[in-house]
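Numbering (this note's numbering), first residue to last: 12 to 370.
Here is the structure we will look at.
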């Protein structure tokens, strides 16, 4: 029996109407980034999961774990998107035990410096003089004027050390500040916040009289919420300097020289970034992700969750917390945690504005 063409046409038209109406009233499926956001909290809450991020080039959701034995507990897909499991090991804050500095610190006299100290940006100073100065200091020794990439700590926890990332300027032009990590400048030996005004020491762990090692007091910090539901975006703190500093100057101790940072930038997966820390010096690594949520341990049983972090390969170790990270001379953020295979960087946008400073 032949079906009239007109009947077939009516059926086709009706099907098209149904499809179009469904498309007009239905919701589009969530994209991979939305799916990641919907599930990241429950995933990070799982024992042994260190973080979650995405690979935008492949639309993969990435779940990071401490140990490969955890892999069997992670789903292979989430809402239709493929899941990649990466073993990072436990992510820990990279503060270190501070080596004791000599009791007698030979603070340089201003007359003996290769140039006059100033609050003028380092890029305006004589390069030969800056190189001579950079060649005369070490990451864990005394440095006056202050530059990035040197040892720093606080008097409330004299047995720990981190890295002074940079000398920065107050956003209102109200002087110079030292920029580093909250857990280096603002946490005491008991994991509690030290009182405002606690002396900040350079170098860390100094046995010298306080008036010789003190560079200022704890001024402001991004408080860390140590709880499963805590919302953290940065691990950063500043001290208003009471000694000379050179904004933007960063030590490259291995080469006896320096480099300068000017302004800020963002990064994408695959970019190469650089940092200068007191333990591993100047290192570079590739950006793995820029939207990571991670669980970072500060002690064996004290941890915090950080959101919107940059994840890289291993670029640091204990003592490098606070290192300024840059891409092509522009500030990306602060290195503050990692493992043998990964590094975690909090972004400039979550640091400078909240602390009221500029690069």
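Using N, Cα and C, we set each Cβ at its ideal position, and we do this for glycine too.
The beta-carbon separation of residue 141 and residue 157, rounded to 13 Å, does not stay under the 8 Å limit for a contact.
Membership of residue 52 in the alpha helix (DSSP H) is indicated by the continuous run 43-55. Assigned with DSSP and collapsed to three states, residue 244 falls in coil, not helix or strand. Secondary structure of residue 193 (DSSP, three-state): helix.
Between residue 346 and residue 171, the alpha-carbon positions lie close to 17 Å from each other.
Spanning the alpha carbons of residue 68 and residue 300 requires a straight line of approximately 11 Å.
Boundaries of the alpha helix (DSSP H) around residue 363: 363-366. When only Cα atoms are considered, residue 351 and residue 363 end up about 28 Å apart. The beta carbon of residue 151 lies closer than 7 Å to those of 110, 162, 214 and 289 in the same chain, with the five residues before and after it left out. Rounded to whole angstroms, the separation of the alpha carbons of residue 77 and residue 61 is 6 Å. Between residue 354 and residue 327 the beta-carbon gap is near 6 Å, inside 8 Å, which marks them as a contact.
Contact annotation: the region 174-193 touches the region 227-241, with at least three C-beta pairs closer than 8 Å.
Residue 138 sits exposed, since fewer than 16 C-beta atoms from the chains shown fall within 10 Å of its C-beta. Residue 367 is not a Cβ neighbour of residue 253, given a cutoff of 9 Å.
The criterion of a C-beta distance shorter than 9 Å is not satisfied by residue 332 and residue 80. Per DSSP, residue 141 lies in no beta strand (DSSP E) segment; the continuous alpha helix (DSSP H) that holds it begins and ends at 138-146.
In this chain, the beta strand (DSSP E) harbouring residue 342 covers 341-349.
Taken atom to atom, the span from the alpha-carbon of residue 160 to that of residue 337 is near 13 Å.
Within the model, the alpha-carbon separation for residue 164 versus residue 251 is close to 14 Å. Per the coordinates, the alpha-carbon of residue 149 lies some 12 Å from the alpha-carbon of residue 261. Less than 9 Å divides the Cβ of residue 323 from the Cβ of residue 296. Burial state of residue 49 is exposed, judged by a 10 Å Cβ sphere holding fewer than 16 other Cβ atoms. With contacts defined as CB atoms closer than 9 Å, residue 72 and residue 97 fail to qualify as a contacting pair. Residue range 161-165 is occupied by the beta strand (DSSP E) that includes residue 162. Distance between residue 43 and residue 235, taken at the CA atoms: about 29 Å. By the C-beta density criterion, residue 56 is exposed, having fewer than 16 other C-beta atoms within 10 angstroms.
Secondary structure at residue 84: helix, using DSSP grouped into helix, strand and coil. Assigned with DSSP and collapsed to three states, residue 155 falls in coil, not helix or strand. A Cβ-Cβ separation of about 14 Å leaves residue 244 out of contact with residue 306 under the 8 Å criterion. Nearest Cα to residue 211 within the set 166, 238, 192 and 248: 166. The beta carbon of residue 169 is closer than 6 Å to those of 216 in its chain, skipping five residues each way along the sequence.
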